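The sequence shown begins at 10 in this note's numbering and counts up one residue at a time. Quick reminder that beta carbons are idealized off the backbone N, C-alpha and C, glycines included. The model shown is predicted, which means the values in this text are computed figures rather than measured ones.
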Amino acid sequence: MGYDEIVQLLESKIPDYSKSSELHLLQFHVHAYKFIAGKRHPMVVMLCKALFNLDQCMQGYAETMIERIASFNKKNFEQVIQVFGEIHVLMRASIVSDNKFIVSEPRKKKTDKNPELRSVINGLFYAAEVKTPQLFRYSNQRQSGFQITSQLSVENFDFLKINEKIVTSRVLTVRDYLVSAEEKFKAYTENDEYKNDFRLLFIVWDDYINEPISALVGPYSGLFTENSFHNESNFSIIDGVFIVRHQHQFYRMLQYGELVNSYTDVFQFVKEQFPAAFIQNPYGRKVPESILLNFGAINPNDVFYLAEYQTTDFVDWRSGIALSGLNSISQEYHQRVFNLFKDLVSERIERYINDIALFSNINLSKIMENLEQGSDNDVLLEKLKKTIFSVIRVQQHQVEDREKKNWESYNKKREMLNGHLKDLYHQKKKSELEHPCPCGGKDIYENCCFIKLSNYNYVSYSDSIG
């Protein structure tokens, strides 16, 4: 399909506002924005370009994806984001593949279970399963209390539940993804042609990738460690996991027409400053470096200075401080550590932006390494107390100096854009019915957007998700 054909197909499949009962995530972007601004929404342009490029490698892919996207009503908008996650990974796979070789949903028989794609890099064949968790509502609550990011013991969880407002971890989500991928790869490798392919899981997360990293390799109970809380399998058929910090870019573009961190396309895979994290499964085959490099991925241990790439046991969002290394001290001291945070953080640091990770991490293991040999846990706790005081000041400065200023800048731009679009909408709504439609289509206004937008009223740009 050509690019224009893909755009036309998308516009025909996404319901307009002629029927108040038909609601879809992309309604505003496909129909209302074009009427108001006189051009296609950047999200529509970027999506259709991505689908066009993928359709060159996999004929029929664009039509299949548009049908899937259109099938989800607005209530199920996060399923559209899951489709975006798949497109995001497949776009990168197509760019770095040998001779544009990429197969969507590879299988020998229609009844076979299969991963998302099969491709080849430098002669190395691999299969990939793509998972994009539903994080929109979770992102609005993760900073509301004491966020657990590892699978803590029942004793620790019960203690925290009594004393804190708990935000539970997404560890089980990651576990379920591994179980699902394992099942698909087992069926996939029954085919002799595929059995030697490297088998990879891609998880498209938001900016808080410490969460899935902790679920996989957190020393306390990580799924790829000897202490794994999941005893049924070590998932050896999965060679490694790529974690991509990108969901927030989709929501920024949909809600505000913007991208962060100097991204220029919502389906741009990674930037050097914000690499994907790759977690090698110690029980699987070693994934060649060339595959990692082509997907812009690094070992999280190589960026130890960035908190979001480190394992964490919990994040106390009153202070914006995460802690790792609980496993390095005896269980009897864990509750004293929790109480330290409870007693030392007297008031909550006000947060301004919830979709960009900004927190500090304190590693108990590192503190222990720097203590004199023979020091007991009481000395460790005293050192931790001083470190918490110090890091709270750092967090306060970062929030006020960086986060607040960014938030004010974003808000100013959004208010200006909202005001501009609202004025344009009310101005164009008064267009003469027999004049060309403001959307730029071939029909007159009376036969075009006058009908398509009959149940639409501009309230706010961000109301597209609502």
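Going straight from the alpha carbon of residue i to that of residue j, what length do you get?
i      : j      : result
VAL188 : ILE246 : 11 Å
ILE401 : ASN82  : 43 Å
ASN303 : VAL296 : 12 Å
THR320 : MET67  : 38 Å
ASN33  : SER162 : Before going further, note that residue 33 is His rather than Asn in the sequence given. Roughly 42 Å separates the two Cα atoms.
ILE358 : LEU263 : 29 Å
GLY479 : ARG179 : Given that the chain is displayed from residue 10 to residue 475, the structure contains no residue 479 and the question cannot be resolved.
LEU232 : ALA224 : 6 Å
GLY69  : MET10  : 8 Å
MET52  : TYR12  : 14 Å
SER21  : ILE307 : 41 Å
LYS395 : TYR260 : 38 Å
TYR272 : GLN344 : 43 Å
LYS117 : LYS58  : 30 Å
VAL403 : LEU393 : 15 Å
ASN456 : GLN17  : 17 Å
VAL112 : VAL129 : 10 Å
SER30  : SER473 : 15 Å
ASN379 : ASN386 : 13 Å
TYR186 : ASN415 : 34 Å
TYR434 : PHE44  : 8 Å
Hey, quick one: how far does the beta strand (DSSP E) through residue i stretch, first residue to last?
i      : result
ARG327 : First-last for ARG327: undefined, no H or E at that position.
VAL112 : 111 to 113
ALA286 : 285 to 289
GLU199 : Here GLU199 belongs to no beta strand (DSSP E), and DSSP marks it neither H nor E.
TYR135 : 133 to 140
GLY249 : 249 to 254
VAL213 : 207 to 214
PHE155 : 155 to 157
VAL129 : 126 to 130
Round the Cβ separation of residue i and residue j to the nearest angstrom and send it over; I've been treating them as touching at under 8 Å.
i      : j      : result
GLN277 : ASP215 : 16 Å between Cβ atoms; not a contact.
VAL39  : GLY94  : Actually they do not touch by this definition, with Cβ atoms about 20 Å apart.
TYR292 : ASN243 : 4 Å
GLU202 : PHE145 : That pair is no contact at about 39 Å.
PRO309 : ILE222 : 6 Å
In the DSSP assignment, the alpha helix (DSSP H) including residue i goes from what residue to what residue?
i      : result
GLY94  : 86 to 105
GLN344 : 343 to 353
SER374 : 373 to 378
SER223 : 219 to 226
VAL54  : 51 to 66
VAL16  : 12 to 22
LEU34  : Counting along the chain, LEU34 falls outside any alpha helix (DSSP H), and DSSP gives it neither H nor E.
LEU389 : 386 to 407
TYR419 : 413 to 438
ALA71  : 70 to 80
VAL163 : 163 to 172
GLU298 : 298 to 303
ILE45  : 42 to 46
LYS461 : 458 to 461
Measuring alpha carbon to alpha carbon, tell me which residue in the options is nearest residue i.
i      : options                           : result
ALA285 : PHE134, LEU32, LEU210 and SER355  : LEU210
TYR26  : CYS458, TYR470, SER469 and SER471 : CYS458
ASN363 : SER148, LEU56 and TYR419          : SER148
HIS97  : MET74, PHE86, PRO115 and LYS118   : MET74
LYS204 : PRO115, LEU169 and THR273         : PRO115
ASN108 : LYS117, PHE134, LYS84 and GLU125  : PHE134
ILE397 : TYR434, GLN436, ASP352 and LEU144 : ASP352
ASN348 : ALA136, LYS421, LYS170 and TYR197 : LYS170
HIS50  : PHE37, ALA59 and ASN62            : PHE37
LEU335 : MET377, ILE307, GLU298 and VAL354 : MET377
TYR314 : ASN290, GLN282 and ARG294         : GLN282
ARG101 : GLN404, LEU126 and SER374         : LEU126
ASN85  : SER299, ASP13, LEU35 and GLU441   : LEU35
ASP274 : LYS28, LEU56, ILE15 and VAL112    : LEU56
GLN156 : ARG146, GLN143, GLU173 and PRO445 : GLU173
GLN160 : PRO142, ARG184 and GLN143         : ARG184
LYS438 : ASP13, ASN466 and ARG345          : ASN466
HIS406 : ARG360, ASP387 and HIS429         : ARG360
ASN427 : SER128, ALA46 and PRO447          : ALA46
ASP206 : ALA136, TYR186, PRO228 and THR177 : ALA136
GLU298 : PRO447, GLU417 and ASN131         : ASN131
ASP311 : ALA331, ARG294 and ILE288         : ILE288
ILE104 : LEU63, GLN91 and GLU72            : LEU63
LYS375 : TYR42, VAL354, TRP416 and LEU332  : LEU332
TYR318 : LYS28, ALA190 and GLY227          : GLY227
HIS429 : ILE453, SER463, TYR470 and GLY449 : TYR470
Should residue i be flagged as near chain C, meaning a C-beta pair shorter than 8 Å?
i      : result
ASP452 : You won't find chain C in this structure, because it holds only one protein chain.
| task | State whether the region 321 to 329 contacts the region 152 to 163, with contact taken as three or more CB pairs (one from each stretch) at a distance under 8 Å. | result | They touch, by the three-pair rule.
| said: Check whether the region 251 to 271 and the region 212 to 226 touch, using three or more Cβ-Cβ pairs below 8 Å as the test. | reply: The region 251 to 271 is in contact with the region 212 to 226.
| said: With a threshold of 8 Å, are at least 3 pairs of Cβ atoms found where one atom belongs to the region 365 to 375 and the other to the region 403 to 419? | reply: Verdict: yes, contact present.
| Stretch-stretch touch, CB-based, cutoff 8 Å, three pairs: the region 219 to 237 with the region 255 to 273 | At 8 Å Cβ cutoff, the stretches do not touch.
| said: For the structure I just gave you, are there three or more beta carbon pairs, one from the region 338 to 347 and one from the region 159 to 174, closer than 8 Å? | reply: Yes: at least three Cβ pairs fall under 8 Å.
| message | For the structure I just gave you, are there three or more beta carbon pairs, one from the region 181 to 199 and one from the region 121 to 134, closer than 8 Å? | response | Between the region 181 to 199 and the region 121 to 134, the count of Cβ pairs shorter than 8 Å is three or higher; the stretches touch.
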